[in-house]
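Enquirer:
In this note's numbering, the protein residues as written are 5 to 324.
Next up, the structure:
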C-alpha cells in the first residue's frame, strides 16, 4: 500500500504526525508513504523509516508573489510530480482550506480527512472523499494517530506514540554526546521569551555540574542574544548557524534540554531527549511536549518572568 500524506506545516505539526506513521507501519506490513510538506521542513519526513519520497511545497513563499513567472512554473512542476503516482489512500492531516484546495484536491487517490466538526477549518472537508470524526479533546499527536487509524482501517494503539526518528541520528552523534546541555532560547513571540538575565543565572547554576551548555540560533538577532547570554562563561558554546538536520544532531546528543515554546522543543521530544519547556502566555494543553521525559514549567500569571532560574535548575537536577 502506498499512501500520500498532506501535512505541510508548522514544524511542530509535522513532527506530531510522525507517530501515526509508526502505528501504520506496525499495523500494515509493507506500507510506504510519500509526504507533501513545506520546503523549510522537508528534511523531517525523510528521517522516518516508512517514508519513500518527500514532495516539498512552497505555499508560504508562493503566496507572496502568486502570479510571478517563477512561482507559476514551480506550481506546474509540483502538480506534475504530485500527479505522477496513483495512491491507494491520500490523508490530509492538515485540515486547512489552502492545503486541501491546493494539494489534496489535485492528488490521485481516495482522499481522507477530518469531518467539518473536527477539522481546523470546516470547509476543508469539502475536498475529502471520506470524512472522519476525530475527538478534539486529546493531544495533537493522538488526533493524528486516530485519523490515520480510521483512514487506513486499523485499531489505534493504546500505547504512547513512537516518533521513530531518534535512530536516524545514532550514527552521527557529536563526539561530546551526553556531556552537554542545549538551551533553546529563540522563539517568535516576544512574550514567549524567557528573560536573558534568567538564562544567565541558569547558566551560572549549571557550571558546578561540569556539563557544557550549547546555544543554537537561527536569525542574527538570536545570534546576538546567544552571545550576550554566553558572555563571561567558559562552559558555554554559541554554535555556528546550522541546518535543521545539524540542529537535530546536537539535540540528539544532549544530556538534557531547556527550551521555550518553539518548534525545536517538539523536535527534542521527537528525539526522545529529556526536556524542560517553559510556558508563559501559551497554554501547553493539547499541543505541549509529547514523548518520553517531557516536562513543563508554567509562569504564574502567564508570564515568563515568573519562572525562576532556581525552579528550572531544580527540575534539571531531577533529570540529570
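Ideal placement from N, C-alpha and C gives every residue a C-beta, glycine not left out. In this text the structure is predicted, and so the values were computed from the model without any measurement.
Using the Cβ count rule (16 or more neighbours within 10 Å means buried), how would you classify residue 150?
Expert: Sequence index remark: in the chain shown, residue 150 carries index 146 (1-based). So residue 150 ends up on the buried side.
Enquirer: By the 10 Å Cβ neighbour count, where 16 or more other Cβ atoms means buried, how is residue 127 classified, buried or exposed?
Expert: For this step, residue 127 is matched to residue 123 along the chain shown. Looking at its Cβ environment, which holds fewer than 16 other Cβ atoms inside 10 Å, residue 127 is exposed.
Enquirer: To the nearest angstrom, how far is the alpha carbon of residue 361 from that of residue 119?
Expert: In the structure as shown, the chain begins at 5 and stops at 324. Residue 361 is therefore absent and cannot be evaluated.
Enquirer: Given residue 304, which residues of its chain have a CB within under 8 angstroms of its CB, disregarding the five upstream and five downstream residues?
Expert: Within the chain shown, residue 304 is the residue found at index 300, counting from 1. 310, listed in sequence order.
Enquirer: In terms of alpha-carbon separation, which member of 181, 71, 299, 247 lies closest to residue 222?
Expert: Mapped onto the chain shown, residue 222 falls at position 218. Closest by alpha carbon: 247.
Enquirer: Just the Cα atoms here: how many angstroms apart are residue 202 and residue 226?
Expert: Locating residue 202 in the chain shown gives position 198, where the first residue counts as 1. Locating residue 226 in the chain shown gives position 222, where the first residue counts as 1. Whole-angstrom Cα-Cα distance: 16 angstroms.
Enquirer: Give a yes or no on contact between the stretch 88 to 103 and the stretch 70 to 77, applying the rule of three or more CB pairs nearer than 8 angstroms.
Expert: Judged by Cβ distances under 8 angstroms, the stretch 88 to 103 makes no contact with the stretch 70 to 77, as fewer than three pairs qualify.
Enquirer: Residue 88 bridges to which residues according to DSSP?
Expert: Position 84 of the chain shown, counted from the first residue, corresponds to residue 88. Answer is none; residue 88 lacks a bridge partner.
Enquirer: Quick one: Cα of residue 377 to Cα of residue 109, how far?
Expert: Look at the range of the chain in this structure, 5 to 324, and you will see that residue 377 is not part of it.
Enquirer: In terms of residue numbering, what span does the alpha helix (DSSP H) encompassing residue 27 cover?
Expert: Residue mapping note: residue 27 aligns to position 23 of the chain shown, counting from 1. From DSSP, the alpha helix (DSSP H) with residue 27 extends over 15 to 31.
Enquirer: Return yes when the C-beta of residue 151 is under 7 angstroms from any heavy atom of the ligand COA, and no when it is not.
Expert: Absence of the ligand COA is noted for the structure shown, with no ligands found whatsoever.
Enquirer: Compare the Cα-Cα distances from residue 34 to each of 298, 40, 7 and report the closest residue.
Expert: Position 30 of the chain shown, counting from 1, holds the residue named residue 34. Looking at the Cα atoms, 7 is the closest of the given residues.
Enquirer: Is the distance from the Cβ of residue 259 to the Cβ of residue 283 below 8 angstroms?
Expert: Within the chain shown, the letter at position 255 stands for residue 259. Within the chain shown, the letter at position 279 stands for residue 283. Result no, Cβ atoms of residue 259 and residue 283 do not sit closer than 8 angstroms.
Enquirer: May I have the straight-line CA-CA distance separating residue 112 from residue 87, to the nearest angstrom?
Expert: As a working note, residue 112 is residue 108 in the chain shown. As a working note, residue 87 is residue 83 in the chain shown. Their backbone Cα atoms lie some 6 angstroms apart in a straight line.
Enquirer: What do you get for residue 130, buried or exposed, if any count of 16 or more other CB atoms within 10 angstroms of its CB means buried?
Expert: Translated into the one-based positions of the chain shown, residue 130 becomes position 126. Exposed, by the Cβ-count rule.
Enquirer: Can you give me the start and stop residues for the alpha helix (DSSP H) that residue 203 sits inside?
Expert: Mapped onto the chain shown, residue 203 falls at position 199. Counting along the chain, the alpha helix (DSSP H) containing residue 203 begins and ends at 200 to 210.
Enquirer: So what does DSSP say about residue 263, is it helix, strand or coil?
Expert: Position 259 of the chain shown, counting from 1, holds the residue named residue 263. Reduced to three states, the DSSP call for residue 263 is strand.
Enquirer: Between residue 37 and residue 177, what straight-line distance do the alpha-carbon atoms span, to the nearest angstrom?
Expert: As a first step, residue 37 must be located in the chain shown, where it is residue number 33. As a first step, residue 177 must be located in the chain shown, where it is residue number 173. Cα to Cα, the separation comes out at about 27 angstroms.
Enquirer: From the DSSP output, which residues share a beta bridge with residue 184?
Expert: Your numbering for residue 184 matches position 180 in the chain shown. For residue 184, which the question treats as bridged, DSSP gives the partners 216.
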